[in-house]
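Remarks on the structure that follows.
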Amino acid sequence: MASRSLSPSLTPCLWITVSVVCVCLQLLCGHVACGDAQNAREVILLDSKAQQTDLEWISYPPNGWEEISGLDENYTPIRTYQVCQVMEPNQNNWLRTNWIEKGDAQRIFVELKFTLRDCNSLPGVVGTCKETFNLYYQETDSEVGRSLRENQYVKIDTIAADESFTQGDLGERKMKLNTEERIIGPLSRRGFYLAFQDVGACIALVSVKVYYKKCWSIIENLATFPDTVTGSEFSSLVEVEGVCVSDAEEEADNSPKMHCSAQGEWLVPIGKCICKAGFHQKGDSCEPCGRGFYKSSSQDLQCSRCPAHSFNDLEGSWRCDCEDGYYRAFSDPPSVACTRPPSAPQNLVYNINQTSVSLEWNPPADTGGRNDVTYRVICRRCTWEPEECVPCGPNVGFSPAQSGLVDTFVTMMDLLAHANYTFEVEAVNGVSDLSRTQRLFAAVSIATGQAAPSQVSQVIKEKVQQRSIQLSWQEPQQPNGVITEYEIKYYEKALEQELRSKSTSATVNNLKPSTAYVFQIRAFTEAGYGTYCPRLEITTKEEATAAIVSSEQNPVIIIAVVAVAGTIILVFMVFGFIIGRRYALAVKFPGTKTYIDPETYEDPNRAVHQFAKELDASCIKIERVIGAGEFGEVCSGRLKLPGKREVSVAIKTLKVGYTEKQRRDFLCEASIMGQFDHPNVVHLEGVVTRGKPVMIVIEYMENGSLDSFLRKHDGQFTVIQLVGMLRGIAAGMRYLSDMGYVHRDLAARNILVNSNLVCKVSDFGLSRVIDDDPEAVYTTTGGKIPVRWTAPEAIQFRKFTSASDVWSYGIVMWEVMSYGERPYWDMSNQDVIKAIEEGYRLPAPMDCPPGLHQLMLDCWQKDRAERPKFDQIVGILDKMIRNPNTLKTPVGTCTRPISPLLDQSTPDFTTFRSVGEWLEAIKMERYRDNFTAAGYGSLESTKTPDQRRATVVTAGATKM
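Okay, structure coming up:
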């Protein structure tokens, strides 16, 4: 369609033509705000203002929408579309854009800028003028030509103007521009058309902009995240894997990830990359270490200067090379200075004892720069000819050792008599074996004297008595001289004694009966003592039992024995009394711990640090985003505290740009949770308040919220398993109640389940404290309350007690036994309140034992004083678990009759002629239309009264 240029000859639609041009000129000249510059997160698919040629969109019928062209002060063409067929009724004018290819986008944004004429300012128009138009779209994989079929388009919305203008506005140049934005999606085809339907309005489309949002590529934590198109849903988060920048690598088990939000914003970086060995971080890149510097591990943050006696001439080095004559041991880290072998030991001296030699020396003057100096001894036996020496062999003993000596002395034993020996003592350290230089040692040559006798052999025990042992033995095979005596060493445990004998036998007296003794024997000559023989262990005989003396022979002994026994008994009694009293005094009867409301603190930060442990952010590793909370994202991760094993945790983060009030409210829950310590209350690990983001770290509950968990596993648990879950919740609430604490929002959605099916109370956002008085209440002044879970007195008077928590617990019981069904189904809150006031209660869920339903009814007593306490509830559930037969018998804590909602105790169905009469009888006539719409107009549609009752109850439950 050819466009029409604005000229001095005025058209029949001059008023709107002039208005459009004026608006465009004002936009360009700054008289009307043109809107923000292109958002960095937007990808433009169509912008009619930026079009340099005619738009040539399809208009049907041809006399409907019309393209108008004009020039601004820079003679730049401006193109708009207008329509103003207000004088004729039944208008249906369509305008379609050209085909728009969407690329990777799934959600498309359409921004419209337009002006609209006020119908009241149009003279002669009666009932035909409109002040709205419609926006449509059609998805296709390719262009479909210029045909326009209305039934192929999907309506997006009806567009209305916030402001319209009149004829008088034209003269004053007060053009009122409207801006509307709509979202299309999710889209699945390659492209789409937009269409505008006019049904009788005066409209000028000043501009049409079509775009989608994406997260532009960024570098975060040394990882590059590419351009990412946002998800198809408003609340969706797209997880993106990052790629490490050049010369960087992923941190162990912590790959970089980020999440692209629907608004085109990057959220919650998880994991990171770190610069490789030899490189350090500078901004968003890794640069090589300079000459003379190194970085040995990717875990190190910065490059370090080469340690002493080392160097490097290359950039990007992970270690430094040692200078000549210096070395680094294989076990030495690159950060250790290069060292060298030590010098020789000093002042070596010796002492000869026949065939034993003792050496002593002083440490070397130069340890080579190391502190791991040890010593080793080289032994050589030499002939009388010079330089004819051979190793000493295995027969020579070294005490304490031949090598690895820490002390500066050693003794060599079992040397040959009248032989020449050379001993070399060398100081060594961790780099001695790497050195290519000559060994440095101290040496000494020694000639041994006469040898001592060899070892005594074949020791025999001749006679063993109660207090004596007689031994004999044979002479050594190598006496090496005349044996003058033998030395016998014997001892009881650590008490050594010695005895000498001139012959090859001896008797040791004055021993203890029934006692084990160890014996060793060695021979002695003028050359000295030989070595001890192997140990011989002998036990003396038992002592004979003394004859019992009769009372007639020695009555004094009996009296003495009785006196001693009585004294011993008396001492034990007195001692036991003293110990018992001390123990009794030490027993403490713990008092009940009382909850303290954090709001009573003038400084809320002090409450946080009093009740919650401050964690180091470096101990926390975020692994993935699992949801979004009121204050920010909720993540799962790992917590590793020093000296403790790593545990899984859930991490609540506070979003960036928070206010001080948001921070205070966010940490208030931590101040509450930090006061609780019970296996059925979610445990607080700690908080991070001194870093960003601010975090609350709690134990990780693998199965999530109880209501979702039950819906996912509908019908998969036994009744006893469900009762066990309820028992855990009741135990947690008993603990909170004993602390003087009211939850106010007890519901299955606020119960978390771990991998062992342990249920724990959580979400303390609505919770408040009550006084020590069990009847004290917390009265709110406003705010939303969960009506379906809240007791009547709490709804009507905003009074919350532990008794109102018991009412909520009864609803939780119903949720558990119905596997997460919504309480009161789809009844409105007002209908729920009215039904409760009229005395109706929820019916027993399918397959729910009567005993459990009766306990629910007890929890729903209107008089809060008649409801059971949590301590009673725990006791009842324990009894049911121990004896499942009690589940079949309704044994409650209350005697007052109660009427459950849609209970089967209603009057006999056979007495009613229609569903309407039955509803009137149970005061539920307001649901007559619901039953009629569901096809339940008569009670004769079922065969038996029981069947009719089940049918109607099901209909009521579904419709309400």
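Mind the numbering: the sequence shown is residues -30 to -1, 1 to 930 in mature numbering (1 follows the signal peptide of the UniProt record, and there is no 0), read in order.
Every residue gets a Cβ at the ideal spot worked out from N, C-alpha and C, and that includes glycine.
Nearest to residue i by alpha carbon, out of the options?
i: residue 437; options: 478, 399 and 403; result: 478
i: residue 83; options: 134, 108 and 148; result: 148
i: residue 811; options: 471, 761, 578 and 63; result: 761
i: residue 12; options: 33, 79, 61 and 784; result: 79
i: residue 118; options: 179, 151, 733 and 27; result: 27
i: residue 349; options: 366, 53 and 568; result: 366
i: residue 590; options: 195, 224 and 847; result: 224
i: residue 257; options: 267, 269 and 273; result: 273
i: residue 453; options: 476, 444, 423 and 75; result: 423
i: residue 787; options: 692, 52 and 471; result: 692
i: residue 242; options: 230, 215, 234 and 232; result: 215
i: residue 72; options: 698, 52 and 107; result: 107
i: residue 412; options: 233, 796 and 320; result: 320
Given residue i, which residues of its chain have a CB within under 7 Å of its CB, disregarding the five upstream and five downstream residues?
i: residue 275; result: 262 and 263
i: residue 571; result: 577
i: residue 789; result: 680, 681, 684 and 685
i: residue 116; result: 28
i: residue 128; result: 102 and 104
What number of angstroms, rounded off, separates the C-alpha of residue i from the C-alpha of residue j?
i: residue 716; j: residue 775; result: 7 Å
i: residue 658; j: residue 638; result: 13 Å
i: residue 17; j: residue 177; result: 7 Å
i: residue 667; j: residue 578; result: 13 Å
i: residue 100; j: residue 29; result: 19 Å
i: residue 660; j: residue 583; result: 12 Å
i: residue 94; j: residue 57; result: 8 Å
i: residue 803; j: residue 757; result: 8 Å
i: residue 19; j: residue 48; result: 7 Å
i: residue 254; j: residue 193; result: 8 Å
i: residue 606; j: residue 335; result: 59 Å
i: residue 189; j: residue 208; result: 17 Å
i: residue 153; j: residue 109; result: 14 Å
i: residue 53; j: residue 594; result: 53 Å
i: residue 554; j: residue 850; result: Residue confidence is low: residue 554 scores 32 on pLDDT, short of 50, so the model does not pin down where it sits. No coordinate-derived value is stated.
i: residue 406; j: residue 459; result: 51 Å
Leaving out five residues before and five after residue i in sequence, what residues of the same chain have Cβ atoms less than 6 Å from its Cβ?
i: residue 633; result: none
i: residue 432; result: 440 and 442
i: residue 725; result: 672
i: residue 339; result: 309
i: residue 410; result: 313 and 314
i: residue 641; result: 568, 577, 578 and 581
i: residue 150; result: 82 and 129
Anyone know if the C-beta pair for residue i and residue j falls short of 8 Å?
i: residue 395; j: residue 441; result: no
i: residue 602; j: residue 663; result: yes
i: residue 779; j: residue 829; result: yes
i: residue 343; j: residue 399; result: yes
i: residue 174; j: residue 64; result: no
i: residue 592; j: residue 621; result: yes
i: residue 763; j: residue 834; result: yes
i: residue 675; j: residue 714; result: no
i: residue 952; j: residue 221; result: Residue 952 cannot be examined here, being either before or after the span of the chain that is shown, -30 to 930.
i: residue 486; j: residue 509; result: yes
In its own chain, which residues sit with a C-beta less than 8 Å from the C-beta of residue i, not counting the 5 before and 5 after it?
i: residue 511; result: 434, 435, 436, 483 and 484
i: residue 655; result: 583, 585, 609, 617, 619, 667, 668 and 669
i: residue 855; result: none
i: residue 427; result: 443, 444, 446, 447 and 503
i: residue 647; result: 653
I'd like to confirm something about residue i: is its beta-carbon nearer than 7 Å to some heavy atom of the ligand GTP, or not?
i: residue 255; result: The ligand GTP is not among the ligands present in this structure, which contains no ligands whatsoever.
> In the stretch 211 to 290, which residue ranges form an unbroken beta strand (DSSP E) of at least 3 residues, counting only runs that do not cross its ends?
Replying inline: Runs found: 218 to 220, 227 to 230, 236 to 240, 243 to 245, 249 to 252 and 255 to 258.
> In the stretch 383 to 441, which residue ranges form an unbroken beta strand (DSSP E) of at least 3 residues, counting only runs that do not cross its ends?
Replying inline: 390 to 398, 411 to 417 and 427 to 434
>> What ranges does the beta strand (DSSP E) occupy inside the stretch 17 to 55, keeping only unbroken runs of at least 3 residues that lie completely in it?
In response: 28 to 30, 36 to 41 and 47 to 54
> Which ranges does the beta strand (DSSP E) cover as unbroken runs of at least 3 residues, wholly within the stretch 448 to 513, from first to last along the chain?
Replying inline: 455 to 462, 465 to 471, 475 to 478, 486 to 495 and 506 to 509
>> For a minimum of 4 consecutive residues, which ranges assigned as the alpha helix (DSSP H) are wholly contained in the stretch 772 to 816?
In response: 772 to 787 and 799 to 807
>> My parser needs the beta strand (DSSP E) runs of 3 or more residues fully inside the stretch 584 to 629; what are they?
In response: If we require 3 residues or more, the beta strand (DSSP E) runs fully inside the stretch 584 to 629 come out as 590 to 598, 603 to 609 and 617 to 623.
> Mind pulling the beta strand (DSSP E) runs of 3 or more residues that sit fully within the stretch 114 to 190?
Replying inline: 124 to 130, 148 to 154, 161 to 168, 172 to 185 and 188 to 190
> Considering only residues of the stretch 668 to 726, which uninterrupted alpha helix (DSSP H) runs meet the minimum length of 4 residues and lie entirely inside it, listed in chain order?
Replying inline: Within the stretch 668 to 726, complete alpha helix (DSSP H) segments of at least 4 residues are found at 676 to 682 and 689 to 708, given in chain order.
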